[in-house]
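In the working numbering, the protein residues as written are 453 to 1123.
The beta-carbon is built from N, C-alpha and C at its ideal position, and this holds for glycine as well.
None of the values given here were measured: they were computed from a predicted structure.
See structure below.
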């Protein structure tokens, strides 16, 4: 009953797991097809069922997957923030501190996206402190988010400091997976500070890593555009255009955002090259494409700002102001203060050109406030110091690498000298060996002639031995055949003799002898018919023997004889006595175990009992042994024969009452 209940519990768990898996697949598919409301509903149902299983960590992992499916801008019903907060609680209950801190980092990242920069920074500093306390190695991901937070706040001094800490941690860990993101963030800050050469240096690092890792995503075209614009500032217009064309040739843009970034870059480059007709073509395509852009992406702000500047240059001030205002009105967390500052300046120029002086002055004042907060002498000096510090550390790493290379070269030189000396020694030894080999060869030639003569003699001897083996095999087959024929002849004589006997006891004795002869005859029959003349397949032999006994006794269906023989092969020396024991045991059971007409079962089994031991059991469910039966004082030809045959097997013989008669013979297999 316990086993049944356990099996049912397992089956129930499996059924529940399959049910949850189907529900999970359905919910995820709904999100992917855009039915967010129904997807959320099914995910809540999935979480309710998962909660009943009492595994807090598994439930929290499910909340994490739920959070990834929900847009960071989705505020309807369950939000991504709600999912992260549930994860914090559940991971804390489950004692999974690292996962709990990871969830807190996700909440801080969400606040960063929504423009709650001071809150995000405070939360990230707390995450950093807790990560350090547990010895978490990948702190550079937190430093990266702190760099972004301070960039959006306009505190480039701290932003660049954190960016360098992120890069140094990543490089120390030899983890290049976030390299393009980290390098791009630092390049963006130098670009926004107007430090063009430094920004170009870091943008090139981005593309060297992208080429090495074969990375392609929508931000690749955005970074390519920034690099092209920085090159144009350095009067390298053709290089910028060639770079953009090469990027486009090798990596076709996938999606509206990547295509928008590419069109904006091509328009800008052709305008810088004074190929205005080409520039107008790409800007016209870009303006049409802006209708498909959502207001929740940095690329959207870039494109609106780029179109606004293009329209300004073409004297379309009102249209320019419209696009610039769209860039300014991006969602929280999209524009950095530096981007906002530049947009205010362009709006000032557009309003001034259009004659909206009051609005122009307001935009100019806002630009001035942001410019003063971002750029001052102290911050510029701090930023330069950070750059120098990083360069010094980079130079130290280069010096260390060169020292290691020098040490390696010195080692290689020493190894080369040692190898040369060793080579001379080896050459000397080889020459000495050559002379010795020449002497040995002469001796070997003499020995070879002797060996050839001996080999010829051995080949003749082997041929003679092979012929003798063939003759031996033929003789064994002939002996087996003659033994089989002789056994059949004796069996025929006994059959004939039994027909003339009047005494019932004599007839029984002759029939017993016939059955014994048949048991031995079957072995020689199998040896003669088989390929192996030394071993007997016991399942086949036992089956044939019992079939012969059924026919001999003419037993009806009321007595059932069953077999359970392992697939064993025994030597003839063991198979013969074992077959005779089976013959005697089954014959006695058929003759004495059951009253006339009574139903009964005789079961014969031969099994391994350990590595080398075997056990034969002959059992019936008949009347059993007589009361007071004593094997030592009881004379019976059949029992004495079985006992003697067991000794021949060097085994033990036991006969006892056990719901009928049970005969047990234990013996060791032949080595």
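Sort out for me which residues DSSP pairs residue i with in a bridge.
i            : result
residue 1055 : 1014 and 1071
residue 1114 : 1071 and 1108
residue 1060 : 1066
residue 1022 : 988
residue 1120 : 1065
With a 10 Å radius around its C-beta and 16 neighbouring C-beta atoms as the bar for buried, classify residue i as buried or exposed.
i            : result
residue 1115 : buried
residue 489  : exposed
residue 894  : exposed
residue 830  : Note that residue 830 scores 43 on pLDDT, short of 50, meaning its location in the model is unreliable; the coordinates nonetheless yield the value given after this. Exposed, because fewer than 16 other Cβ atoms sit within 10 Å of the Cβ of residue 830.
residue 1034 : buried
residue 511  : buried
residue 595  : buried
residue 862  : exposed
residue 810  : exposed
residue 470  : exposed
residue 880  : exposed
residue 1099 : exposed
residue 707  : exposed
residue 909  : exposed
residue 817  : exposed
residue 644  : buried
residue 640  : buried
residue 752  : buried
residue 1092 : exposed
residue 1059 : exposed
residue 1103 : buried
residue 1038 : buried
Can you round the beta-carbon distance between residue i and residue j to whole angstroms, since I take them to be within the 8 Å contact cut?
i            : j            : result
residue 654  : residue 628  : Rounded, the Cβ-Cβ distance is 15 Å, inconsistent with contact.
residue 988  : residue 1027 : 4 Å
residue 514  : residue 502  : 6 Å
residue 478  : residue 494  : 6 Å
residue 724  : residue 691  : The pair is not a contact, with the Cβ atoms about 11 Å apart (cut-off 8 Å).
residue 1107 : residue 1083 : 6 Å
residue 1011 : residue 1052 : 5 Å
residue 700  : residue 714  : 6 Å
residue 793  : residue 754  : Wrong, their Cβ atoms sit about 15 Å apart, outside the cutoff.
residue 542  : residue 497  : Contact flag wrong, Cβ pair sits at about 18 Å.
residue 734  : residue 759  : Not confirmed; about 11 Å, so no contact.
Tell whether a beta-carbon distance below 9 Å holds between residue i and residue j.
i            : j            : result
residue 621  : residue 591  : yes
residue 974  : residue 997  : yes
residue 615  : residue 631  : no
residue 1097 : residue 991  : no
residue 679  : residue 712  : no
residue 683  : residue 695  : yes
residue 1072 : residue 1105 : no
residue 567  : residue 604  : yes
residue 1081 : residue 1109 : yes
residue 806  : residue 779  : no
residue 1090 : residue 1036 : yes
residue 1041 : residue 1113 : yes
residue 553  : residue 524  : no
residue 731  : residue 720  : yes
residue 675  : residue 658  : yes
residue 1117 : residue 1056 : no
residue 601  : residue 576  : yes
residue 1122 : residue 1025 : yes
residue 555  : residue 597  : no
residue 790  : residue 608  : yes
residue 624  : residue 593  : no
residue 722  : residue 763  : no
residue 717  : residue 681  : yes
Is there at least one Cβ from chain D nearer than 9 Å to residue i's Cβ?
i           : result
residue 720 : Annotation note: the requested chain D is absent from the structure, which comprises a single protein chain.
Exercise. May I have a chain-ordered list of the beta strand (DSSP E) segments no shorter than 3 residues that lie completely inside the region 630–695?
Key: none
Quiz item: If you scan the region 870–922 from start to end, which runs of the alpha helix (DSSP H) of 4 or more residues do you find wholly inside it?
Solution: none
Self-check item: Within the region 490–570, ranges of the alpha helix (DSSP H) (whole runs, at least 4 residues)
Solution: 508–521, 532–546 and 549–565
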